[in-house]
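Quick note on our numbering: the sequence shown kicks off at 14 and runs consecutively.
In this text, a Cβ means the ideal position worked out from N, Cα and C, and glycines have one as well.
Each remark here refers to the structure printed beneath this line.
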Amino acid sequence: MLFIFYIALVVTILTVFIVAIKGFMELMAPIKAAKRDAELAQKNANES
């Protein structure tokens, strides 16, 4: 019975972990895009 409990616990932790990573990546995506846009703007400014 304890064996089933441990499996459920691991599955729950993994699920929470995956959801947290997905949420974190969604939060980071706009920040990374903004940084990339800023770098591109800087490159374009340097070239002109």
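- For MET14, the secondary structure class from DSSP, reduced to helix, strand or coil, is coil.
- Each residue's CA atom was taken as its position, placing GLN55 and GLU39 some 25 Å apart.
- The straight-line gap separating the alpha-carbon atoms of LYS48 and VAL32 is approximately 25 Å.
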